[in-house]
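What follows is a set of notes on a single structure, which appears directly below.
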Amino acid sequence: MISVEHLTKHYGTFTAVDNVSFTAATGRVTGFLGPNGAGKSTSMRIMVGLTRPTSGQVTITGRDYRELVNPGLEVGVLLDASAQHAGRTGREILAIAAQTMGLPRSRVAETLARVGLTEEEAGRRVRNYSLGMRQRLGIATALIGDPQVLVLDEPANGLDPAGIRWMRDLLRGFADDGGTVLLSSHLLHEIEVIADDIVVIGQGRIVAQGSKAELLAAAGTLVRTADPAEQDRLARALHEASVVTTPIDGGLRADADPELVGETAHRAGVVLRELRAADGAGLEEMFLELTAETAREGAAA
Amino acid sequence: MTTQIDTATQVPATPAAVAAAAPAPRRVVRPIPMTRLVGVELRKMFDTRAGFWLMASVGIVSVLATAAVILWAPDSAIDQETFSSAIGFPLSVILPIIGLLSVTSEYSQRTGLTTYTLVPWRGRVITAKVIVTLAIGVASMFVALAVGAVGNVLGSAITGLDPVWNVTVQEFGQIVLANVLGMLIGLTLGVLMRSSAAAIVGYFVYSLVLPAALGTLAAFQSWFADLQPWVDVNFAITRLFDQTMTAEYWQQLGVTTLVWLWIPLAIGLRAVLRAEVK
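The listed protein sequences correspond, in order, to chains A and B. Note that my numbering numbers the first sequence so that position 25 is 29, with each residue one more than the last. Note that my numbering numbers the second sequence so that position 269 is 527, with each residue one more than the last.
Okay, here's the thing in structure tokens:
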């Protein structure tokens, strides 16, 4: 379990992280979502002791990171897949990590296989790696000590769709085995595919957090009428049932479950073409909405 | 935390689930010993092409310098001291750069992100680097001594004279000390600059520009000539190579290294411990 309590980091007058508190629970994948420059990486660097917080604290399985006697065996960390000596081979980088943690050499080959890097690829120097290969190597470094907690900054960056699915299955299995996973992304889609819980951050502040199911439920129902002219009538009927609606590309998003919306449409005699939980679209809208006021675009407007 | 998981997996009554629910022995995590960190840092000195050739250059330079003495030095100058100073000069340039890069590559190549998350006590990492750097420095001196001895035997055989062994143990000790101090100056610049390019530039200012400037000042300003040994760290260190050290010389070495080495090193170490790693 990772527990972040009232974390704040100032750089001069700039506040990179502003009173951030959340918990990444055991057995779950927690997604740390936010636009670029929102404070995700700074928060993660503080978690693993690379940056000192101005105030607040982070505990990992109840302890400060610096209290861990051999951190690689307890917390797997990937902060930047490109932060490697370009002149070392992938195998050598993993071997250094294994030696530091005091692991047998055999673990290197096992872990390379686990992340899908071939022997030939492992023998190449990292300067010749694609970003996707660097991510796999970084994940291998995080996994090699067989830790109970993973802290991964933008791990899906540079992975192709098959790679993202592989990562999802890997992290799912890790969490199901009782591990804790915290991963960050600036892409809602990645987080949605991989995470159980979501923490949304914008300009250093947490703007929303909860389980994916909760946040999806909050996103409501997407409904489209068969005849576009009927949409206003449905909207009125929903308002009478005290349901708030928002027009969204040729349909309505209603803050109610699909059953209530369907029932209201039936009573109003409106024929529907589409009625479903506004999962992806709703969450995306929420993400944009929640971050709009704090994101760069919002600040410029 | 683990109990929660155990109860969750106990629910399905399949044999596999029972096996999984059996209390797994909690792994004993042992602290990382210093010897292991030294081993890791030593490995990192050799495992890139650049690093390997930098280390190999110690041997290569020794052999080239020895060959040059045999080829071009007059017969009367073929003695152990000539060989040792011919090898010693280029090594005194290379060794500090080895020390400096061992620190700065963590920042310039950004490997510090991994190094300092696996070992969050940066003081221990730097200590390991200092131990490795000094060990390499001392080992290089013995390589140089051996190559120089072979050169002396060969050179004497060619001239037909008896080999002259005129480097005493104390002189060799002084040369080792001079090179160790040079490497520590390299490390100091490394921890202060934390960037390979900046530290190398800083090193050349330290070892080439400053001595020339101070030497010129001493040559033209008589008031400074007496002061130079107390101010110029290179001047004080260079005397270790070829002079019998007097008490005053040792004092001057102490004063100059305090100002140019020990205090900056302490400031740099403090900065490394506190600075954000990005």
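Ideal placement from N, C-alpha and C gives every residue a C-beta, glycine not left out.
*asked:* Using CA atoms only, rank isn't needed, just tell me which of A:GLY177, A:GLU278, A:SER189 and A:ILE252 is closest to GLU263 of chain A.
replied: A:GLU278
*For THR260 of chain B, is the classification buried or exposed, using 16 other Cβ atoms within 10 angstroms of its Cβ as the cut-off for buried?*
Low per-residue confidence applies at THR260 of chain B: pLDDT is 39, beneath 50, and the placement is therefore not dependable enough to give any value.
*Among the residues of its own chain, which have a CB less than 8 Å from the CB of PHE400 of chain B, if the five just before and after it don't count?*
none
*asked:* Please report the straight-line C-alpha distance between ASP157 of chain A and ILE355 of chain B, rounded to a whole angstrom.
replied: 34 Å
_Where PRO108 of chain A falls: helix, strand or coil (DSSP)_ = coil
*Give the residues of chain A in contact with SER363 of chain B, contact being defined as C-beta atoms less than 8 Å apart.*
HIS89
*Per-residue DSSP class, three states only, for PRO251 of chain A*: strand
*With a floor of 3 residues, list each beta strand (DSSP E) that falls wholly inside the stretch 204-230 of chain A, ordered by position along the chain.*
209-215 and 225-229
*asked:* Looking at the strands, I want to know which residues DSSP matches up with SER188 of chain A.
replied: A:PHE36
*Helix or strand or just coil, what does DSSP make of LEU329 of chain B?*
helix
*Excluding the five sequence neighbours on either side, which residues of its own chain have a C-beta within less than 6 Å of the C-beta of HIS14 of chain A, listed in chain order?*
THR58
*For ARG140 of chain A, which option in A:ASP164, A:GLY38, A:VAL248 and A:HIS193 has the closest C-alpha, if you only look at C-alpha atoms?*
A:ASP164
*Would you verify that the beta carbon of ILE100 of chain A is, or is not, closer than 8 Å to some beta carbon of chain B?*
yes
_Between B:LEU353, B:VAL377 and B:ILE352, which has its C-alpha nearest GLU364 of chain B's C-alpha?_
B:VAL377
*Could you tell me whether any Cβ in chain B is nearer than 8 Å to the Cβ of ASP1 of chain A?*
The structure shown does not extend to residue 1 of chain A, since chain A is modelled only from 5 to 305, so the question has no answer here.
*What residues in the stretch 146-168 of chain A bring their beta carbon closer than 7 Å to a beta carbon of chain B?*
none
_Please list the terminal residues of the continuous beta strand (DSSP E) segment that includes ALA281 of chain A._
276-281
*DSSP state of ASP374 of chain B mapped onto helix, strand, coil*: The amino acid occupying residue 374 of chain B in the given sequence is Tyr; Asp does not appear at that position. TYR374 of chain B falls in the helix class under three-state DSSP.
*Should LYS302 of chain B be flagged as near chain A, meaning a C-beta pair shorter than 8 Å?*
yes
*Using a threshold of 8 Å, state whether the C-beta atoms of THR184 of chain A and THR30 of chain A are closer than that.*
yes
*asked:* At a CB distance below 8 Å, what residues from the stretch 378-389 of chain B approach chain A? Give them in sequence order.
replied: PRO378 and TRP379
*At a Cβ cut of 8 Å, what residues of the stretch 43-55 of chain A count as close to chain B, listed as they run along the chain?*
ARG49, VAL52, GLY53, LEU54 and THR55
*Based on Cα-Cα distance, which residue from A:GLY266, A:ALA199 and A:PRO232 lies nearest to ALA217 of chain A?*
A:ALA199
*Local conformation of THR12 of chain A per DSSP, three classes*: strand
*What residues in the stretch 58-78 of chain A have a beta carbon less than 9 Å from any beta carbon of chain B?*
THR65, GLY66, TYR69, ARG70, LEU72, VAL73, ASN74, PRO75, GLY76, LEU77 and GLU78
*Specify, as a first and last residue, the run of the beta strand (DSSP E) that SER59 of chain A falls within.*
59-64
*At least one CB of chain A closer than 8 Å to the CB of GLY297 of chain B: is that the case?*
yes
*For the stretch 298-328 of chain B, which segments carrying the beta strand (DSSP E) assignment without a break, of at least 3 residues, lie completely within its bounds, in sequence order?*
none
*Under three-state DSSP, which class holds ALA28 of chain A?*
strand
_Whole-angstrom distance between THR55 of chain A and GLU534 of chain B, CA atom to CA atom_ = 5 Å
*Quick one: grab the DSSP three-state call for PRO281 of chain B.*
Caution is warranted here: a pLDDT of 46 is assigned to PRO281 of chain B, below 50, making its placement in the model unreliable, and no coordinate value can be reported.
*Residue from B:ARG294, B:LYS302, B:ILE328 and B:THR306 with nearest C-alpha to ALA344 of chain B*: B:ILE328
*For THR265 of chain B, collect the residues of the same chain with a Cβ closer than 6 Å to its Cβ; drop the 5 residues on either side in sequence, then sort them by chain order.*
The predicted model places THR265 of chain B with a pLDDT of 39, which falls under 50 and marks its position as unreliable; any figure quoted below should be read in that light. No residues qualify anywhere along the chain.
*asked:* In whole angstroms, give me the CA-to-CA distance for THR446 of chain B and MET313 of chain B.
replied: 20 Å
*Can you have a look at THR249 of chain A and say buried or exposed, based on whether 16 or more other CB atoms are within 10 angstroms of its CB?*
buried
*Residues of chain A with CB under 7 Å from ALA308 of chain B, in chain order?*
GLY91
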